[in-house]
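Colleague: Dropping the structure in here first, questions after.
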Amino acid sequence: MKTIHHMIKLKNFYRMHSTTQVKWDIMAGLCLQRKPIITKPLTDTEVNFQNILQEIEFEKSLKSDHELRHEKDVKRMEKLKNGKVIDFDDMDQASNQSAQDYVDKNKEELLNFKFASRLTEADTINDTKSLKRKLDDNLVLIVKQKLGHEDYWVLPQGLWKDGETLRETSERILKESCGNNINVRFYGNAPCGFYKYKYPKQKREQFNVEGAKIFFFKAKLLDGNVEEKGTWTDYEWSTVQELNKRLIQPYMKNVKLFLSNYNVNT
Amino acid sequence: MFKLFSSVTMQPSVLVASRSISTCGGPLFFRSSVPMFAEPLKKKKRLDPQILKAREDRKRKKIEKSIRKLEKVSKTLKPIDEVQLMASLSNELDSRQRPIVVHSNDKLEERIVAAKAWSMYKHDEHFFNLQVINDLEYSQQRALNELREVSEDLYQAAVDIDESLLTCQLTGPVETPPIENYQSPDGEYIDISKKWD
């Protein structure tokens with residue numbers, strides 16, 4: 001710990017006393033996520049082990065009331081078939097619903113109920129702007145912004161203005177890039193990630209600014225969706241796997257660090 | 001003689017000034033005092049001491065009874081249904097036994113292999129989670145360090161506690177997505193929770 005503090009001090013020392021004063025733009029980036037709505041499908045190992053556990057559990061268990069009732073029903077039916085005399089008690093019970101009837105009735109009710117599909121329409125037509133795609137995955141909002149002369153896919157970002165905290169900057173960016181029709185929850189006041197890049201040489205000399213330092217803030221989408229706005233040319237809700245293709249490399253590497261749920265194999 | 005019994009004598013000055021000594025507007029030398037306004041005292045009712053004693057006893061018994069009642073209640077604990085075995089169940093224990101299944105060696109081996117694969121799987125998962133936590137911490141600490149270099153004020157604003165998160169509630173992912181515009185069927189609400197006095 002001490003050494004870390006020492007190193008920070010040393011770094012500050014060098015920065016303050018360096019001969020050429022370099023200026024950096026301070027920016028806030030917004031990592032807006034739609035959290036998974038449904039669970040991930042179980043892996044083969046999980047399914048296999050789950051079945052085995054259920055088997056063992058069943059073997060160790062005692063018979064339930066329902067099973068006893070069913071056995072009783074079976075015995076009575078056999079007696080009836082054999083034409084044996086039945087006492088009135090049994091007669092009375094025979095008119096009642098049997099255990100098997102009860103199971104059948106419940107099964108029918110279950111079959112009649114239609115569960116919503118785990119695959120949605122947005123998945124089949126691959127609508128990357130829809131929030132209803134990939135329900136079991138984490139979606140991240142990325143926008144196509146013009147940086148310099150070219151369009152890049154990035155997390156929504158914007159310049160910090162004097163007088164506001166970085167959290168306020170990222171809230172303003174949210175309003176600017178997504179409109180007012182959106183409700184999110186920020187994960188605290190602290191940035192979750194950092195990335196800096198240098199501007200092209202021409203711009204560096206023109207404005208005397210070295211580059212940009214971006215501080216990323218994480219937020220979770222509660223409801224609402226992105227409105228069409230002017231700060232970007234395109235937007236997408238993409239999974240982390242898709243981010244790999246969209247974002248350029250050194251940027252992606254830094255973003256990936258604070259995206260917690262990428263898979264083991266990505 | 002007056003000199004001998006000085007206490008009995010009336011000072012001539014007193015006699016002279018007697019008309020002006022009055023303490024109130026009433027007749028001279030007539031003092032109205034507080035007891036004169038009081039009502040004559042009521043005669044105290046005398047109760048039979050036996051009745052008194054009986055009354056006190058009754059009171060004490062009543063209190064003792066309520067104490068006993070409270071003590072009795074405090075000793076009986078709320079039954080925990082999940083822990084207590086129903087008496088009828090222990091009688092039926094024999095009829096509820098399942099036939100013992102003897103598995104072949106292959107089956108047992110299969111189970112052992114699956115258990116081993118499972119523990120490997122959980123091990124990998126655990127280390128992966130540790131890695132993710134590590135990455136998150138590293139990324140945030142790096143951002144905070146850089147921010148402190150940029151501006152101490154911004155850094156202090158960033159490490160400030162966000163109290164709105166204290167009331168944050170999360171609901172986990174579910175098996176199937178919610179059905180849109182679903183009208184849940186009507187039913188009666190029956191409160192089956194037990195009451196304990």
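Those protein sequences? They're chains Y and H, same order as listed. Take 1 as the starting number for the first sequence in full-length UniProt numbering and just add one per residue. Take 1 as the starting number for the second sequence in full-length UniProt numbering and just add one per residue. In this text, a Cβ means the ideal position worked out from N, Cα and C, and glycines have one as well.
Output the boundary residues of the alpha helix (DSSP H) element that contains residue 56(H).
Modeller: Locating residue 56(H) in the second sequence gives position 56, counting from the first residue. Element bounds for residue 56(H): 49-75.
Colleague: Compare the C-beta of residue 36(Y) against all C-beta atoms of chain H and say whether one is closer than 8 angstroms.
Modeller: In the first sequence, counting from the first residue as 1, residue 36(Y) sits at position 36. Chain H, which has a Cβ nearer than 8 angstroms to the Cβ of residue 36(Y), makes this yes.
Colleague: Where does residue 168(H) land, buried or exposed, given buried means 16+ other C-beta within 10 angstroms?
Modeller: Translated into positions along the second sequence, residue 168(H) becomes position 168. Residue 168(H) comes out exposed.
Colleague: How about the stretch 199-207 of chain Y and the stretch 107-123 of chain Y: do they share at least three Cβ pairs that are nearer than 8 angstroms?
Modeller: With a cut-off of 8 angstroms, the stretch 107-123 of chain Y and the stretch 199-207 of chain Y do not count as touching, because too few Cβ pairs lie within range.
Colleague: Distance, Cα to Cα, residue 68(H) vs residue 40(Y)?
Modeller: Numbered from 1 along the second sequence, position 68 holds the residue referred to as residue 68(H). Numbered from 1 along the first sequence, position 40 holds the residue referred to as residue 40(Y). The alpha-carbon atoms of residue 68(H) and residue 40(Y) are separated by roughly 59 angstroms.
Colleague: If you draw a straight line from the alpha carbon of residue 150(H) to that of residue 123(H), how long is it in whole angstroms?
Modeller: Here residue 150(H) refers to the residue found at position 150 when the second sequence is read from its first residue. Here residue 123(H) refers to the residue found at position 123 when the second sequence is read from its first residue. If you take the alpha carbons of residue 150(H) and residue 123(H), they lie about 41 angstroms apart.
Colleague: Can residue 242(Y) and residue 129(Y) be called in contact, C-beta distance under 8 angstroms?
Modeller: Counted from its first residue, the first sequence places residue 242(Y) at position 242. Counted from its first residue, the first sequence places residue 129(Y) at position 129. No, these two residues do not count as a Cβ contact at 8 angstroms.
Colleague: Between 212(Y), 219(Y), 209(Y), 51(Y), which has its C-alpha nearest residue 114(H)'s C-alpha?
Modeller: As a working mapping, residue 114(H) is identified with position 114 in the second sequence. It is 51(Y).
Colleague: Answer with buried or exposed for residue 193(H), where buried requires no fewer than 16 other C-beta atoms within 10 angstroms of its C-beta.
Modeller: Along the second sequence, read from residue 1 onward, the residue named residue 193(H) stands at position 193. Exposed, since its Cβ has fewer than 16 Cβ neighbours within 10 Å.
Colleague: Going by DSSP in three states, residue 329(Y) sits in which element: helix, strand or coil?
Modeller: For chain Y, the structure presents residues 1 to 266; residue 329(Y) sits outside this window and is missing.
Colleague: Once DSSP output is grouped into helix, strand and coil, what is the label at residue 118(H)?
Modeller: Indexing the second sequence from 1 puts residue 118(H) at position 118. Note: residue 118(H) maps to helix in three-state DSSP.
Colleague: Just verifying my parser: in three-state terms, what is the DSSP assignment at residue 165(Y)?
Modeller: Residue 165(Y) sits at position 165 when you count from the first residue of the first sequence. Residue 165(Y) falls in the coil class under three-state DSSP.
Colleague: Might you give, ordered along the chain, the residues of its own chain that have their beta carbon closer than 8 angstroms to the beta carbon of residue 24(Y), omitting 5 neighbours on each side?
Modeller: For the purposes of this step, residue 24(Y) is identified with residue 24 of the first sequence, where counting begins at 1. Closer than 8 angstroms at the Cβ level, and outside the excluded window around residue 24(Y), lie 196, 209, 210, 211, 212, 213.
Colleague: According to a CB-to-CB cut-off of less than 7 angstroms, which residues of the stretch 127-160 of chain H neighbour chain Y?
Modeller: From the stretch 127-160 of chain H, only 128, 132, 135, 136, 138, 139, 140, 142, 143, 144, 145, 146, 147, 149, 150, 154, 157, 158, 159, 160 have a Cβ closer than 7 angstroms to chain Y.
Colleague: Any idea if residue 146(H) is buried or exposed, counting beta-carbon neighbours within 10 angstroms, 16 or more meaning buried?
Modeller: The residue labelled residue 146(H) in the question sits at position 146 within the second sequence. When all chains shown are included, residue 146(H) counts as buried.
Colleague: So is residue 183(H) buried or exposed if we call it buried at 16+ other beta carbons inside 10 Å?
Modeller: In the second sequence, residue 183(H) corresponds to position 183, counting from 1. That one is exposed.
Colleague: On the DSSP bridge assignment, give the partners of residue 87(H) in chain order.
Modeller: By 1-based counting over the second sequence, the position of residue 87(H) is 87. Residue 87(H) is not bridged to any residue.
Colleague: Residues of chain H with CB under 7 angstroms from residue 26(Y), in chain order?
Modeller: Translated into the one-based positions of the first sequence, residue 26(Y) becomes position 26. Those are 150, listed as they occur along chain H.
Colleague: Where DSSP assigns a beta bridge to residue 158(Y), which residues make up the other side?
Modeller: Here the question's residue 158(Y) lines up with position 158 in the first sequence. DSSP lists 28(Y) as partners of residue 158(Y).
Colleague: I want to verify the contact list: residues of chain H whose CB lies under 9 angstroms from the CB of residue 192(Y), in sequence order.
Modeller: Numbered from its first residue, the first sequence carries residue 192(Y) at position 192. Here the neighbours are 136, 139, 140, 143.
Colleague: What ranges does the beta strand (DSSP E) occupy inside the UniProt domain "Nudix hydrolase" (116-260) of chain Y, keeping only unbroken runs of at least 3 residues that lie completely in it?
Modeller: The qualifying runs are 139-147, 150-154, 157-159, 182-186, 193-198, 211-224, 234-238.
Colleague: At a CB-CB cut-off below 8 angstroms, which residues of chain Y make contact with residue 54(H)?
Modeller: Walking along the second sequence from the start, residue 54(H) turns up at place 54. Neighbours of residue 54(H) on chain Y: none; closest Cβ ~59 angstroms, over 8 angstroms.
Colleague: Can you list the residues of chain H that residue 260(Y) reaches, using a CB-CB cut of under 7 angstroms?
Modeller: As a working mapping, residue 260(Y) is identified with position 260 in the first sequence. Those are 132, 136, listed as they occur along chain H.
Colleague: Within 10 Å of its beta-carbon, does residue 27(Y) have 16 or more other beta-carbons around it, so buried, or fewer, so exposed?
Modeller: Here residue 27(Y) corresponds to residue number 27 of the first sequence, with the count starting at 1. With 16 or more Cβ atoms within 10 Å of its Cβ, residue 27(Y) is classed as buried.
Colleague: Is there a Cβ of chain H sitting closer than 8 angstroms to that of residue 246(Y), yes or no?
Modeller: One-based indexing of the first sequence puts residue 246(Y) at position 246. No, its Cβ sits nowhere closer than 8 angstroms to a Cβ of chain H.
Colleague: Please report how far the alpha carbon of residue 34(Y) lies from the alpha carbon of residue 99(Y), in whole angstroms.
Modeller: Along the first sequence, read from residue 1 onward, the residue named residue 34(Y) stands at position 34. Along the first sequence, read from residue 1 onward, the residue named residue 99(Y) stands at position 99. Spanning the two alpha carbons is a distance of roughly 46 angstroms.
Colleague: Along chain Y, in chain order, which residues have C-beta atoms closer than 7 angstroms to that of residue 184(H)?
Modeller: Within the second sequence, numbered from 1, the residue matching residue 184(H) stands at position 184. Within chain Y, no residue comes near residue 184(H); the closest Cβ sits about 11 angstroms away, beyond 7 angstroms.
Colleague: Would you say residue 57(Y) faces chain H, with C-beta separation under 8 angstroms as the test?
Modeller: The residue you call residue 57(Y) lines up with position 57 of the first sequence. Chain H contact via Cβ: absent.
Colleague: So what does DSSP say about residue 56(Y), is it helix, strand or coil?
Modeller: As a first step, residue 56(Y) is located in the first sequence; it is residue number 56 there, counting from the start. Residue state, collapsed to three classes: helix.
Colleague: Whose Cβ in chain H lies nearer than 7 angstroms to the Cβ of residue 215(Y)?
Modeller: One-based indexing of the first sequence puts residue 215(Y) at position 215. Chain H residues near residue 215(Y): 143, 147.
Colleague: For residue 162(H), go through chain Y and note every residue whose CB falls closer than 7 angstroms to its CB, in chain order.
Modeller: By 1-based counting over the second sequence, the position of residue 162(H) is 162. Ordered by position in chain Y, the residues that pass the 7 angstroms Cβ test against residue 162(H) are 188, 189.
Colleague: Given a cut-off of 8 angstroms on the beta-carbon distance, is the pair residue 193(Y) and residue 254(Y) in contact?
Modeller: As a working note, residue 193(Y) is residue 193 in the first sequence. As a working note, residue 254(Y) is residue 254 in the first sequence. Taking 8 angstroms as the Cβ cut-off, residue 193(Y) and residue 254(Y) qualify as a contacting pair.
Colleague: Who pairs with residue 38(Y) in a beta bridge, going by DSSP?
Modeller: Counted from its first residue, the first sequence places residue 38(Y) at position 38. Answer by DSSP bridge pairing, in chain order: 174(H).
Colleague: Using a Cβ-Cβ distance cut-off of 8 angstroms, determine whether residue 169(H) contacts chain Y.
Modeller: Residue mapping note: residue 169(H) aligns to position 169 of the second sequence, counting from 1. No, residue 169(H) does not count as interfacial toward chain Y.
Colleague: Quick one: residues in its chain with C-beta nearer than 7 angstroms to the C-beta of residue 153(Y), no 5 flanking neighbours on either side, listed in chain order?
Modeller: One-based indexing of the first sequence puts residue 153(Y) at position 153. Same-chain partners within the cutoff: 142, 144, 246, 247.
Colleague: From the DSSP output, read off the bridge partner residues of residue 33(Y).
Modeller: In the first sequence, residue 33(Y) corresponds to position 33, counting from 1. DSSP, once it has assigned bridges, lists 140(Y), 220(Y) as partnering residue 33(Y).
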